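Numbering (my numbering), first residue to last: 1372 to 1417.
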């Protein structure tokens, strides 16, 4: 029983790490899109 609990705990830790990586990746993509929008607006006016 103790083995099962520790493996579940490890799985949850891995899941939270993966979720953190995904959040960081999504934030990076959002910043890139934001920069692209700013560039389009800047060149669109010019």
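We treat Cβ as the ideally placed atom computed from N, Cα and C, and that holds for glycine.
As the structure is a computational prediction, the values presented were derived from the model and not from experiment.
Pairwise C-alpha distance: residue j and residue i
i: residue 1376; j: residue 1403; result: 41 angstroms
i: residue 1384; j: residue 1409; result: 38 angstroms
i: residue 1373; j: residue 1386; result: 20 angstroms
i: residue 1378; j: residue 1396; result: 27 angstroms
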